[in-house]
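In mature numbering (1 follows the signal peptide of the UniProt record, and there is no 0), the protein residues as written are -20 to -1, 1 to 50. The beta-carbon is built from N, C-alpha and C at its ideal position, and this holds for glycine as well. Every value quoted in this text rests on a predicted model; they were computed, and no experiment measured them.
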């Protein structure tokens, strides 16, 4: 299940870049947590943290939280 979720995350991020190239708008992908070491990634907390940073969504990938904002 985790592999399927990771594949979905990668495909989603790649699709965002394809969409951005067509629309000439570049998304900004950044890490959701500034602390080092980063806490264990939880999709719910990641999404909440990303929304607090004005991102459209966030997801865990390879144990780290990533946010996407235009």
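- The three-state secondary structure of residue 47, taken from DSSP, is strand.
- Under the three-state reduction of DSSP output, residue 40 falls in the strand class.
- Nearest to residue 26 by alpha-carbon distance, out of 39, 34 and 35, is 39.
- Bounds of any alpha helix (DSSP H) do not take in residue 22, whose DSSP letter is neither H nor E.
- By the neighbour-count definition (other C-beta atoms within 10 Å, threshold 16), residue -6 is an exposed residue.
- Put simply, the backbone Cα of residue 48 is about 5 Å away from that of residue 35.
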